[in-house]
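Here the protein sequences come in this chain order: Z and L. Residue numbering for the first sequence follows my numbering, starting at -15 and increasing by one per position. Residue numbering for the second sequence follows my numbering, starting at -15 and increasing by one per position. Where is the CB? At the ideal position from N, CA and C, for every residue including glycine. Only a predicted model underlies this, so the values are computations on that prediction, with no experimental measurement involved.
Number of protein chains: 2
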Amino acid sequence: MSHGFKTVAIVGVGLIGGSFALAIRKAGFKGRIIGVSSPATIRKALELGVIDDSLPLADAASQADLIYLAQPIQQIIATLGSIDAHVRPGTLITDAGSTKAAISKAASVIKRGRFVGGHPMAGKESRGVEGADADLFRDCPYVLTAREPLFEAMIERIGARLVLLSAEEHDRLIALASHLPQMLSTALGSVLTDNPAALQVAGPGAVDMTRLALSSYDIWRDIIATNRESIDAALVACIERLQQVRAQLAEPAMEQAFARGAEAARALRKG
Amino acid sequence: MSHGFKTVAIVGVGLIGGSFALAIRKAGFKGRIIGVSSPATIRKALELGVIDDSLPLADAASQADLIYLAQPIQQIIATLGSIDAHVRPGTLITDAGSTKAAISKAASVIKRGRFVGGHPMAGKESRGVEGADADLFRDCPYVLTAREPLFEAMIERIGARLVLLSAEEHDRLIALASHLPQMLSTALGSVLTDNPAALQVAGPGAVDMTRLALSSYDIWRDIIATNRESIDAALVACIERLQQVRAQLAEPAMEQAFARGAEAARALRKG
């Protein structure tokens, strides 16, 4: 099966970059996969058969026809600032960063290559290439900020669900669907930390609702820094809703509040 | 193995009542288990071997030495108002209601029998006796509002973790550990319902965080009605925390907020 690309460079061979490599291989990609990462990560990625070989960024960029940036957001932005000089004309550069407007802005300097922003809505608790999984993207949304037929075909082959959104719309929606849940989980965890006696009566609900609170701030620092306004707007909307809940605690309207909450919950499970 | 009790009446043979019957049987209880429930439920419970037979409440109460009330909260309160006339002196009456102060108050009329409030922190999505599971209580907290050695031994034999709390302290803590997570999930679901475009970029985090939003309001109506003040206080604490998160979005202090949130999340997983 031809994937249209012959040489893929994965920059940042962690959970996402490593999983993308395994996923395209499983989907029939026969070309070469070059890893660009720290020596320790490259050693593990080679051992695990995730990549074929490794090169410094400039060399990988000059040989690849698809460059997949799977680093933390600020490193993606830094890479975009230097990579264009090394790529062959027409090379496709894409990324897997969790916010898109700041990255798209940084990508405006790409002239020899062409850039399309991406965000696979996939993940799991474990980080690093050790957790890489060929099926990580299966049935998950994968946002692209522009049409790119060859890469869209690749996304479909790895089993992800393509969603086309502008960078700005992505950031607004992801603040509601991903960043707000994170902040609620962190806030709940923090309230429980202040009330440790409550932990002794915590059941499965509290465990579920604090799973995201385990997320590493290393990742969230960049997300927050590059999507502050939308996260704040999502928090304002949710705080307003919680104030409504408070006002309705004794009212029959509470039943409608539960019904509205269940509506999205059910829609998410129909997916 | 003697469990100290010879005849157990389960009033309300749903998920919790049915699971309690299966759990004590699995733990070696050799006595009789009488179910008190609607005809349809009794038929299913007999088919599934959850109970040995069925009687009207007054007859079951007069024959049992342990009466386990596993109805919705308001029905438990109603049952407590009428049952005492039927029990033999010294019969232990306990319940599995999700709030304890209102039930304890209603139990003050118990004079022939003796009452101890209980709350097993267990559950699952499915309701009804069809979901009954002998291991439902395993490793879950089980609150009692007073010491009751024979029943404490039973709780330990079914694998639950005994927690002794006054009814008031239970209600305050459970508002933080259980009712607040429910309200956050419902509020998040409701915000997402108002922003349906966000659903297309929702990942596993949003799915987890809206699971509780699927809860039936039929159960929550009574919980809210009998624990309004503590739920409101928990909501106030969490809204305050979310306002802090908003203020810290651009600050280094956000890292501490994440650390505080993760602390309780990790503690819940050590359990």
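- Shown here for Glu152 of chain L: same chain residues with a beta carbon closer than 6 Å to its own, the five before and five after excluded, namely Ala85 in chain order.
- Taking a C-beta cut-off of 9 Å against chain Z, the contacting residues of the region 149 to 166 of chain L are Leu149, Glu153, His154, Arg156, Leu157, Ile158, Ala159, Leu160, Ala161, Ser162, Leu164, Pro165 and Gln166, listed in chain order.
- The beta carbon of Pro125 of chain L falls within 7 Å of a beta carbon belonging to chain Z, placing the residue at that interface.
- Nearest neighbour of Ala197 of chain Z by Cα position, chosen from L:Arg98, L:Val(-8), L:Glu235 and L:Leu252, turns out to be L:Leu252.
- When rounded, the separation of the alpha-carbon atoms in Ala80 of chain Z and Ala159 of chain Z is 16 Å.
- Bounds of the alpha helix (DSSP H) holding Arg141 of chain L are Pro133 to Arg141.
- Assignment of alpha helix (DSSP H) within the region 53 to 77 of chain L, counting only whole runs of 4 or more residues, yields 57 to 66 in chain order.
- Using a CB distance cut-off of 7 Å, Gln184 of chain L counts as an interface residue toward chain Z.
- A residue is called buried when at least 16 other Cβ atoms come within 10 angstroms of its Cβ; Ala(-7) of chain L meets this threshold and is buried.
- Where Thr(-9) of chain Z is concerned, there is no enclosing alpha helix (DSSP H), although the beta strand (DSSP E) around it starts and stops at Thr(-9) to Val(-5).
- The alpha carbon of Asp36 of chain Z has as its nearest neighbour, out of Z:Ile8, Z:Ile87 and Z:Thr63, the alpha carbon of Z:Ile8.
- Between Met138 of chain L and chain Z, the shortest Cβ-Cβ separation is not below 7 Å.
- Below the 8 Å Cβ cutoff, chain L contributes Gln184 and Val185 as neighbours of Val147 of chain Z, in chain order.
- Scanning Z:Lys89, Z:His163, Z:Pro133 and Z:Pro40 for the CA closest to the CA of Val220 of chain Z turns up Z:His163.
- Per DSSP, the beta bridge partners of Pro104 of chain Z are Z:Tyr126.
- Cβ-Cβ distances below 6 Å link Ile17 of chain L to Val(-8), Ala5, Ile35 and Asp36 in the same chain, with the five nearest sequence neighbours on each side left out; the list follows chain order.
- Counting only residues of its own chain and dropping the five nearest sequence neighbours on each side, Ile207 of chain Z has a CB closer than 7 Å to the CB of Ile57, Ser82, Thr83 and His163.
- In this structure, the straight-line span from the alpha carbon of Ser22 of chain L to that of Phe242 of chain Z is close to 27 Å.
- According to DSSP, Leu39 of chain Z shares a beta bridge with no other residue.
- Distance from the CA of Gln232 of chain L to the CA of Asn211 of chain Z, rounded to the nearest whole angstrom, comes to 13 Å.
- Taking a 10 Å sphere around the C-beta of Ser199 of chain L, we find 16 or more other C-beta atoms and assign the residue as buried.
- Taking the CA atoms as reference points, Lys28 of chain L sits about 13 Å from Gly1 of chain L.
- By the neighbour-count definition (other C-beta atoms within 10 Å, threshold 16), Pro125 of chain Z is a buried residue.
- The beta-carbon separation of Gln55 of chain L and Val(-5) of chain L, rounded to 6 Å, stays under the 8 Å limit for a contact.
- Within 9 Å of the CB of Pro133 of chain Z, no CB atom of chain L is found; the nearest one sits about 20 Å away.
- Residues of the region 37 to 61 of chain Z with a C-beta atom less than 8 Å from some C-beta of chain L do not occur.
- In this structure, Ala249 of chain L sits near Thr194 of chain Z, with a CB-CB distance shorter than 7 Å.
- The C-beta of Phe242 of chain Z comes closer than 7 Å to at least one C-beta of chain L.
- Distance from the Cα of Arg122 of chain L is smallest, within the candidate group L:Glu235, L:Phe13, L:Ala42 and L:Ala144, for L:Ala144.
- Ser169 of chain Z has its alpha-carbon roughly 44 Å from the corresponding atom of Ala45 of chain L.
- Identification of residues in the region 201 to 218 of chain Z having a C-beta nearer than 8 Å to some C-beta of chain L yields Tyr201, Trp204, Arg205, Ile208, Ala209, Arg212, Ile215, Asp216 and Ala218, given in sequence order.
- Neighbours of Val100 of chain Z in chain L, taken as residues whose beta carbon is under 9 Å from its own, are absent, since the nearest beta carbon is some 16 Å off.
- Distance check between Val175 of chain L and each of Z:Asp49, Z:Glu247 and Z:Gly33 places Z:Glu247 closest, using alpha-carbon atoms only.
- Within its own chain, the residues whose Cβ lies closer than 7 Å to the Cβ of Ser150 of chain L, once the five positions on either side in sequence are excluded, are Thr129, listed in chain order.
- The shortest CA-to-CA distance from Pro104 of chain L to any of L:Arg98, L:Lys95, L:Ser110 and L:Glu136 is the one to L:Glu136.
- In the DSSP annotation of this structure, the continuous segment of the alpha helix (DSSP H) that includes Leu164 of chain Z starts and ends at Leu164 to Asp178.
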